[in-house]
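Student:
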Amino acid sequence: MSAHSAVQSAGPHQVTRRAPGRRSAPGAPDQKLLESVRESVLAEAVPVTPSRVAAAVQASGRLLGTAGALAAVESISAELNGLGPLQPLTRDPDVTDIFVNGPESVWLDRGNGLERAAVVFSGEPQIRALAARLVAAGGRRLDDSSPCVDVRLDGGYRVHAVLPPISTAGTLLSVRIRRSTVFTMPELRRDGMFGTGTGGGLVQSVLERMVAGRLSFLISGATGSGKTTLLATLLGLCDAGERLVLIEDAAELNPVHPHVVSLESRHGNLEGGGAVDLGELVRQALRMRPDRLVVGECRGAEVRELLSAMNTGHAGAGGTIHANAAAAVPARLAALGALAGMGQDAVRLQVASAIDAVVHVERTGAGRRVVSIGIMDPRDTGLAVSVALDMSGDRVRRGPAWLALADRLDLDPAGEGGAATPSRAGLTPAARSLAARSPAARSEARPSGPDTEPARSWTPP
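In case it helps, my numbering puts the sequence shown at residues 64 to 524.
As structure tokens, this is what we get:
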């Protein structure tokens, strides 16, 4: 698609007159100047660059001054090539999501919950025109025959748009911003990701040793809870000699690691052809000799290929999954397995031998944080997640699976993650089996009985 056609669909400037009493967006360019610059830069079917916009602004003969000219170039460039009135919001490095619900209802998320943004559109037509232009720039079409579209744009933006009457209140626009910054484990701990109490060191040690010990794990949580942020950080802990193959529906993971191969699914064209789904990407990834196979988000039938890969020698795999609690992960996996034609017994056996741990994250008023770490627990009544560490309160509490997990990770069960190897005397036979390194052995056992350690507060020595 040419820059001319992509920009031509912008049309926010072909809209009806501004409604009485409605304010324009802060920093919005003068309409006559904008039309003059647009006519000039679109006279040639070449990319719209800031230098061409600046030349057109200068050629307009408007006396703007240095600061005014720079502001006009920036604002007009955003209107023609960027996110329009939303572009200034992206300068804040903490902003991860922007939502447009209406001309005067724009919201953003900095990680501490939604807050209203000081951005106003001239009207519904401007929102629709911006949405159509962004979708067109992503190679797709937004119109009455295709009213719901999701695209990824250069610059790290993922855009989702919905048109009326599917949206009863007008055009809806959601923008997810992919940030290039990847946090280190100490930075996540300082920001409260591992809790605000003294147990943060224990949580950090467990996560680090999970990666070093090549445990296969899933990070569960709701949308925007920090799953991708945590996964990217953990992948950066992998040995530099390992080959990481990442599979995503939309590329968001950017771990700091020297050997990363990323694969991204592809939607079908207007005729429905050319689609490449995550399941196919998992099959292709297995031919690339991955040391770590990672699915950015398990949400469909690809779970069958992923579980199969994890059960055929690909230890240390990882991914994320949408779930409201760690306890809901088995049911979620069963539902995804059903989409792939797997029976519940098949899912239970595959998951029990493939997935070692589940890390659940939540977004609270204080930010994003890990609230529990558990291990898969096959039971006669079905699969469950047995809690090893519970950080939902102010303190870290050790659950019934803590001894088994600590033993597997060579952690002192009474300490904060020292190198001491614990004694196995306190483990039940079932817990010993679960702590063994063989996936087959772990799938046959679960910690239970009167000797299982009850949940209690953890206090550093």
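Every residue gets a Cβ at the ideal spot worked out from N, C-alpha and C, and that includes glycine. Keep in mind it's a predicted model, so treat the numbers as computed, not measured.
Is D419 buried or exposed, if buried means 16 or more other CB atoms sit within 10 Å of its CB?
Tutor: As a working mapping, residue 419 is identified with position 356 in the sequence shown. Counting Cβ neighbours within 10 Å, D419 comes out buried, since at least 16 surround it.
Student: Out of P156, I282, L316 and L472, point me to the one whose CA is closest to A390's CA.
Tutor: Residue numbering aside, residue 390 sits at position 327 when the sequence shown is read from its first letter. Measuring from the Cα of A390, the nearest candidate turns out to be I282.
Student: In terms of DSSP beta bridges, what is G445 paired with?
Tutor: The sequence position of residue 445 within the sequence shown is 382, counting from 1. Answer by DSSP bridge pairing, in chain order: R442.
Student: When you compare each of L326, S288, R329 and V448 to P393 by their alpha carbons, which one comes out closest?
Tutor: Along the sequence shown, one-based indexing puts residue 393 at 330. Closest option to P393, Cα to Cα, is V448.
Student: What three-state label does DSSP hand R432 in the structure shown?
Tutor: Numbered from its first residue, the sequence shown carries residue 432 at position 369. Strand at R432.
Student: From the DSSP output, read off the bridge partner residues of S452.
Tutor: Along the sequence shown, read from residue 1 onward, the residue named residue 452 stands at position 389. According to the sequence as given, residue 452 is Leu; it is not Ser. The partner list for L452 (beta bridge, DSSP) reads I436 and R461.
Student: What is the residue span of the alpha helix (DSSP H) that D408 lies within?
Tutor: What you label residue 408 is simply residue 345 of the sequence shown in a count that begins at 1. Unbroken alpha helix (DSSP H) run through D408: Q407 to A417.
Student: Quick check: what's the CA-CA separation for T569 versus V269?
Tutor: The question about residue 569 has no answer here: the residues shown for the chain are numbered 64 through 524.
Student: Among S416, S435 and V169, which one has its Cα closest to the Cα of G456?
Tutor: Position 393 of the sequence shown, counting from 1, holds the residue named residue 456. Per the Cα distances, S435.
Student: Looking only at DSSP bridge pairs, what is R215 linked to?
Tutor: Along the sequence shown, one-based indexing puts residue 215 at 152. R221.
Student: So, under 8 angstroms CB-CB, I310 and A348 are touching, yes? Tell me the CB distance rounded to an integer number of Å.
Tutor: Position 247 of the sequence shown holds residue 310. Position 285 of the sequence shown holds residue 348. About 6 angstroms separates the two Cβ atoms, so the contact holds.
Student: List the DSSP bridge partners of L356.
Tutor: Taking the sequence shown and counting its residues from 1, the one referred to as residue 356 is at position 293. Answer is V308, bridged to L356.
Student: Across the region 334-345 and the region 359-367, are there enough close Cβ pairs to call them in contact, namely three or more that are closer than 8 angstroms?
Tutor: The answer is yes - the region 359-367 touches the region 334-345, with three or more Cβ pairs under 8 angstroms.
Student: Pull the bridge partners of F162 from the DSSP assignment, please.
Tutor: Along the sequence shown, read from residue 1 onward, the residue named residue 162 stands at position 99. Note: F162 sits in a beta bridge opposite W170 and S237.
Student: Grab the span of the beta strand (DSSP E) containing Q327 for me, first residue to last.
Tutor: In the sequence shown, the residue the question calls residue 327 occupies position 264. Sequence inspection shows Glu at residue 327; the Gln mentioned does not correspond to that position. From DSSP, the beta strand (DSSP E) with E327 extends over V323 to E327.
Student: Could you please give me the residues that DSSP links to L281 through a beta bridge?
Tutor: For the purposes of this step, residue 281 is taken as residue 218 along the sequence shown, with counting starting at 1. Answer is G382 and V421.
Student: Would V414 and L396 qualify as a contact pair, given that the criterion is a beta-carbon distance under 8 angstroms?
Tutor: By one-based count along the sequence shown, residue 414 stands at place 351. By one-based count along the sequence shown, residue 396 stands at place 333. Yes, they are a contact pair.
Student: Does the Cβ of M351 have 16 or more other Cβ atoms within 10 Å, making it buried, or fewer, making it exposed?
Tutor: Here the question's residue 351 lines up with position 288 in the sequence shown. Classification of M351: exposed, given that the 10 Å Cβ count is below 16.
Student: Drop a sphere of 10 angstroms on the beta-carbon of E178, count the other beta-carbons inside from all chains shown, and report buried for 16 or more, exposed for fewer.
Tutor: For the purposes of this step, residue 178 is taken as residue 115 along the sequence shown, with counting starting at 1. E178 comes out exposed.
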